[in-house]
Amino acid sequence: IIGVNILMKENSSMKAAVLEKNKTIKLKYLNIPRIQKDECLVRIKYAGVCSSDIQRGFFNSSYFYPLIMGHEISGIIDNVGRKVKGFKKGDKVGIFPLLPCFKCDECKKEKYVRCSSYKYYGSRNNGGFAEYLSIKSWNLIKNDSLNLFELSTLEPFSVCLHAVKSLSLDKK
Numbered sequence: 203i204i205g206v207n208i209l210m211k212e213n214s215s216m217k218a219a220v221l222e223k224n225k226t227i228k229l230k231y232l233n234i235p236r237i238q239k240d241e242c243l244v245r246i247k248y249a250g251v252c253s254s255d256i257q258r259g260f261f262n263s264s265y266f267y268p269l270i271m272g273h274e275i276s277g278i279i280d281n282v283g284r285k286v287k288g289f290k291k292g293d294k295v296g297i298f299p300l301l302p303c304f305k306c307d308e309c310k311k312e313k314y315v316r317c318s319s320y321k322y323y324g325s326r327n328n329g330g331f332a333e334y335l336s337i338k339s340w341n342l343i344k345n346d347s348l349n350l351f352e353l354s355t356l357e358p359f360s361v362c363l364h365a366v367k368s369l370s371l372d373k374k
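Here the sequence shown stands for residues 203 to 374, numbered as in my numbering.
Encoded structure:
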């Protein structure tokens, strides 16, 4: 897990670790993302490095370049889209990185992990190796009892939990 605490160059720019091509990551100034009506702007506080980030960055596994990797992330909401409910500036959040299409048969059954046209923060969309990320409110997990480091581990923890549940179902 990497703690992020980078000073801003200007009010409208941020630093980001950008995968420009295989084995080439550069620290760059980029515009702070603009939020859509259903998104929140999150100031990233922690971003984990996953084995999929290693594959993506160093073994030609990126879907496109340039890309901001990172999907094990947490942060604090800095701005809220006009149609977002249940979140406010200052909320601590973990991020569920899967972006389902909500249109395919599996999504209609609410089996989002089986989505046929999914995207993913840090893989098929820019991710958390930056100071800010605009995130769909559907993907935010607000929690006041966990600290930001712990919130950044929600995604890898859920993968482990899924594996344990799958193993226990096989024994029944």
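Positions of the beta carbon are idealized from the N, C-alpha and C atoms, including for glycine.
Three CB pairs or more closer than 8 Å across the stretch 337-349 and the stretch 298-306: Verdict: yes, contact present.
8 Å Cβ cutoff met for H273 and S318: Their beta carbons are not under 8 Å apart, which means H273 does not touch S318 by this criterion.
DSSP three-state assignment for E241, whether helix, strand or coil: DSSP places E241 in the strand class (E or B) of the three-state scheme.
7 Å CB neighbourhood of M271 in its chain, flanking five on each side removed: Here the set comprises L221, D255, R258, G259, G324, G329, F331.
S214 versus K291: straight-line alpha-carbon distance, rounded: Each residue's Cα considered, the two are about 18 Å apart.
Outcome for L182 when other beta-carbon atoms lying within 10 angstroms are tallied against a minimum of 16: Missing from the structure shown is residue 182; the chain here goes from 203 to 374 and no further.
Simplified DSSP state of V206, which is helix, strand or coil: Note that V206 has pLDDT 48, beneath the 50 cutoff, so the model's placement of it is unreliable and no number is given.
Nearest-angstrom Cβ-Cβ length linking L342 and I297, presumed shorter than 8 Å: Right, their Cβ atoms sit about 7 Å apart.
Beta-ladder partner(s) of L232, from DSSP: L232 has M216 as its beta-bridge partners, per DSSP.
Per-residue DSSP class, three states only, for L259: Here residue 259 turns out to be Gly, not Leu, going by the sequence shown. In this structure, G259 counts as helix in the three-state DSSP scheme.
Identity of the residues DSSP links to S276 by a beta bridge: According to DSSP, S276 bridges with Y248, G296.
Burial state of N365 (16 or more Cβ within 10 Å): Per the sequence shown, the amino acid found at residue 365 is Ala instead of Asn. A365 is classed as exposed because its beta carbon has fewer than 16 other beta carbons within 10 Å across all chains shown.
Buried or exposed by the 16-neighbour rule on C-beta atoms within 10 Å, applied to Y334: With 16 or more other Cβ atoms within 10 Å, it is buried.
Residue closest to F351, alpha-carbon to alpha-carbon, out of K313, Y265, I275, I234: Among K313, Y265, I275, I234, the Cα nearest to that of F351 belongs to I275.
Residue span of the beta strand (DSSP E) that contains L342, given as start and end: Here the beta strand (DSSP E) through L342 covers 342-344.
Bridge-paired residues (DSSP) for V282: Residue pairing for V282: DSSP places it in a beta bridge opposite C242.
Neighbourhood of L229 by C-beta, 7 Å cutoff - its chain only, sequence neighbours within 5 removed: In its chain, beyond the 5 residues on either side, K217, A219 have a beta carbon closer than 7 Å to the beta carbon of L229.
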